[in-house]
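Colleague: Quick one: the structure is below, and I'll ask about it shortly.
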Amino acid sequence: MSLAWKRTFTTVQRLREHMAEETFRIRVRGLVDADQADEQVDGVEHLPVCMIENLLLAPESIFEYMQGVARDTFADSDAVRDELRSIATEMRSKEITLRLRRRLKPKLVRLSGATVDEIKASLVEQVAGVQAILPSDDRLNEIVAETTAAVDAIIAADQQLDQFRGKELLNTFYQRHVAALNIGYNPMCIDLARIVAQRQQVAARLDPVFDRLIAD
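Take the sequence shown: its position 171, counted from the start at 1, is 817 in this note's numbering, and no numbers get skipped.
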């Protein structure tokens with residue numbers, strides 16, 4: 647879990663504990679990306695996609711945007727979809743690495759000591775701690791195989807535009823097809839979000855999430 651999302655979980659938990667709704671009449675809720683779905687916390691809902699940027703990966707809206715900035719790179723929205731899928735396929739190895747990192751729960755090494763020897767001793771001690779939590783080779787092979795199969799299943803089900811990291815997907819598309827027009831990434835996202843909203847492509851996916859937040 648990333649530090650930012652861990653803070654979200656912790657903040658929601660503490661505020662719900664210390665600011666009881668029946669007393670203060672304040673509803674405390676949180677919303678995080680789907681890639682943080684390995685932990686469930688009361689009052690926190692997850693997006694139906696990996697991260698908020700995935701909601702902008704709508705081929706019809708991107709095609710309309712590209713037409714609006716006078717780019718004839720794509721014949722139609724299907725061509726945009728194919729390009730996004732191609733980018734996602736290139737991300738396969740990184741997606742496996744990211745999921746393995748979350749499953750193995752990396753440990754932060756903090757060196758300490760007032761002398762060179764103390765710092766070196768601290769390093770040896772902490773490295774030993776990391777080695778101690780590393781699974782056996784057999785178990786590690788199982789984890790790698792399971793994670794790889796999960797990523798390949800996402801691709802096979804054509805769910806990569808929802809389940810792969812939308813920020814990297816969108817930024818790669820931007821670098822390849824928009825950056826040369828001297829249009830900034832953020833302005834592109836804002837204009838694209840307007841088109842997505844006008845096409846009403848998000849409400850059906852987000853309404854159930856907000857309904858649950860309200861009902862909680």
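From the three backbone atoms N, C-alpha and C, an ideal C-beta is built for every residue, glycine too.
#1: Are the region 843 to 850 and the region 734 to 742 touching by the rule of at least three beta carbon pairs closer than 8 Å?
#2: Can you tell which of 704, 693, 714 has its C-alpha closest to the C-alpha of residue 824?
#3: Per DSSP, which one or two residues make a beta bridge with residue 823?
#4: May I have the straight-line CA-CA distance separating residue 772 from residue 782, to the nearest angstrom?
#5: Where does residue 743 sit, in a helix, a strand or coil, going by DSSP?
#6: At which residue ranges does the region 783 to 858 contain complete alpha helix (DSSP H) runs of 4 or more residues, listed in the order of the chain?
#7: Within the chosen definition, does the region 830 to 840 reach the region 705 to 720 through at least 3 CB pairs nearer than 8 Å?
#8: Expressed to the nearest angstrom, what Euclidean distance is found between the alpha-carbon atoms of residue 828 and residue 820?
#9: Which first and last residues belong to the beta strand (DSSP E) in which residue 691 is found?
#10: Given a threshold of 16 other Cβ atoms within 10 Å of its Cβ, counted over all protein chains shown, does residue 777 qualify as buried or as exposed?
#11: Which residue marks the beginning of the alpha helix (DSSP H) containing residue 767, and which one marks its end?
#12: Going along the chain, which unbroken runs of the beta strand (DSSP E) with 3 or more residues stay wholly within the region 707 to 757?
#13: Check whether the region 761 to 770 and the region 785 to 804 touch, using three or more Cβ-Cβ pairs below 8 Å as the test.
#14: Residues in the same chain with beta-carbon distance under 7 Å from residue 703, minus the five sequence neighbours each way, listed in chain order, please.
#15: Looking at residue 705 and residue 732, is the spacing between their C-beta atoms short of 8 Å?
#16: If you draw a straight line from the C-alpha of residue 840 to the C-alpha of residue 692, how long is it?
#17: Helix, strand or coil: which one does DSSP assign to residue 647?
Modeller: Looking at the atomic coordinates:
#1: Under the three-pair Cβ rule at 8 Å, the region 843 to 850 does not count as touching the region 734 to 742.
#2: Closest by alpha carbon: 714.
#3: Here residue 823 is not bridged, per DSSP, to any residue.
#4: Here the alpha carbons of residue 782 and residue 772 stand approximately 19 Å from one another.
#5: In the structure shown, residue 743 sits in a helix (DSSP, three-state: H, G or I).
#6: The region 783 to 858 contains these whole alpha helix (DSSP H) runs: 783 to 802, 806 to 809, 812 to 823, 831 to 844.
#7: Output reads yes: the region 705 to 720 touches the region 830 to 840.
#8: Note on geometry: alpha-carbon atoms of residue 828 and residue 820 lie some 11 Å from one another.
#9: Per DSSP, residue 691 belongs to the beta strand (DSSP E) from 690 to 692.
#10: So residue 777 ends up on the exposed side.
#11: That run of the alpha helix (DSSP H) goes 762 to 779.
#12: Counting whole runs of 3 or more residues, the region 707 to 757 contains no beta strand (DSSP E) stretch at all.
#13: Below 8 Å, too few C-beta pairs join the region 761 to 770 and the region 785 to 804 to call them touching: fewer than three.
#14: Within the same chain, residue 703 has close Cβ partners 730, 807, 812, 815, 816.
#15: Cβ atoms of residue 732 and residue 705: not closer than 8 Å.
#16: Going from the Cα of residue 840 to the Cα of residue 692 covers about 23 Å.
#17: Because residue 647 carries a pLDDT of 45, less than 50, the predicted location of this residue cannot be relied on, and the following value inherits that uncertainty. In this structure, residue 647 counts as coil in the three-state DSSP scheme.
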